[in-house]
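Q:
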Amino acid sequence: MLKKLEKLGAALSKLSNGVDDPLFKKLESYSGALPSEYCDFLVNFSQGAEFDSLIVYKGVEASPWASKDGYDSLEYFYGLSNSEGEGDVFEFIEMYKDDLGNQWLPIASSDGGNQICLCLMGKMVGQIWFWDHEADPLYDENQVISGLSLAAYDLKDFIFRLEIDKEEPDISGVKKVVLDF
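Take 243 as the starting number for the sequence shown in the numbering used here and just add one per residue.
1) Who are ASP314's beta bridge partners in DSSP?
2) Between the stretch 285-292 and the stretch 246-264, are three or more C-beta pairs nearer than 8 Å?
3) Does the beta-carbon of SER305 have 16 or more other beta-carbons within 10 angstroms, so that it is buried, or is it exposed?
4) Helix, strand or coil for SER388 per DSSP?
5) Can you pull the DSSP bridge partners for GLU279?
6) For a test of the three-state rule: what should DSSP assign to ASP294, helix, strand or coil?
7) Taking C-alpha atoms, which residue in ALA393, LEU380 and PHE266 lies nearest to ASN286?
8) Sorted by chain position, which residues of the same chain lie with C-beta nearer than 6 Å to PRO277's C-beta, five sequence neighbours on each side aside?
9) The alpha helix (DSSP H) that contains GLY342, what's its start and end?
10) Identify every residue that forms a DSSP beta bridge with ALA394.
11) Distance check for ASN259 and GLN357, CA to CA, integer angstroms please.
12) Got a sec, what are the start and stop residues for the alpha helix (DSSP H) SER273 sits in?
13) What do you reckon, are the CB atoms on GLU383 and GLY355 nearer than 7 Å?
14) Is LEU392 closer than 7 Å to GLU303 when the C-beta atoms are compared?
15) How would you call TYR395, buried or exposed, if buried means at least 16 neighbouring beta carbons within 10 angstroms?
16) For LEU296, collect the residues of the same chain with a Cβ closer than 6 Å to its Cβ; drop the 5 residues on either side in sequence, then sort them by chain order.
17) Measuring straight from C-alpha to C-alpha, what distance separates CYS359 and ASN344?
18) For GLY274, does the count of other Cβ atoms within 10 angstroms reach 16, so buried, or fall short, so exposed?
19) In the DSSP assignment, find the unbroken beta strand (DSSP E) run with LEU360 in it and report its ends.
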């Protein structure tokens with residue numbers, strides 16, 4: 243799992259105290275016990291995981307934002323802290339707590355502000371889901387009714403679904419690009 247992330251361009255940022263680190267304990271105070279795969283990820287990518295290239299994945303279910311081939315994008319994984327200016331997991335827990343409650347932990351960002359979430363409760367615990375942040379997620383501990391799409395059965399499965407996007411964007415109809423800052 244770690245080698246796959248490194249192969250995609252993510253740099254290791256090991257947590258010196260491992261799961262005994264105060265930031266790790268802080269996260270568990272929000273979420274409760276975390277799946278061991280996610281603990282391993284955080285110990286090795288404590289500042290998150292950013293990539294050198296555009297990363298995509300084909301989820302178990304295509305999200306409403308997926309390409310016509312069923313691929314969604316992954317911008318970066320959140321860490322316990324981040325020195326690069328991107329948000330950490332605590333920022334996104336706070337931002338989305340009213341939408342996601344205690345059942346979902348935002349662990350990564352997808353295009354358009356959408357979130358990749360780890361399920362923390364019920365029959366779906368450990369599964370990775372894509373949340374369309376423009377939709378009100380409807381769910382209980384045993385099922386998702388709407389607003390979320392199953393990305394992978396667990397974190398390891400999700401990471402092995404990741405690949406570098408090889409598709410070039412179709413810009414054939416573009417005549418002019420204006421950047422207005």
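The C-beta atom is built at its ideal place from N, Cα and C for all residues, glycine as well.
A: This is what the structure gives:
1) Looking at the DSSP assignment, ASP314 forms a beta bridge with TYR299.
2) Result yes; three or more Cβ-Cβ pairs closer than 8 Å.
3) It counts as buried.
4) Note: SER388 maps to strand in three-state DSSP.
5) In the DSSP assignment, GLU279 forms no beta bridge with any residue.
6) ASP294 falls in the strand class under three-state DSSP.
7) For the residues ALA393, LEU380 and PHE266, the minimum Cα distance to ASN286 belongs to PHE266.
8) Hits under 6 Å: GLY368.
9) Checking the sequence, you will find Leu at residue 342 rather than Gly. Counting along the chain, the alpha helix (DSSP H) containing LEU342 begins and ends at 331-342.
10) Answer is ILE370, bridged to ALA394.
11) Approximately 28 Å between the Cα atoms of the pair.
12) Start and end: 264-273.
13) Not in contact: GLU383 and GLY355 (Cβ atoms no closer than 7 Å).
14) In this structure, LEU392 lies closer than 7 Å to GLU303 by Cβ.
15) Burial call: exposed.
16) If you ignore the 5 residues before and after LEU296, its C-beta comes within less than 6 Å of the C-beta of ASP407, all in its own chain and listed in chain order.
17) Rounded to whole angstroms, CYS359 to ASN344 spans 11 Å at the Cα level.
18) A residue is called buried once 16 or more other Cβ atoms fall within 10 Å of its Cβ, and GLY274, having fewer, is exposed.
19) From DSSP, the beta strand (DSSP E) with LEU360 extends over 357-361.
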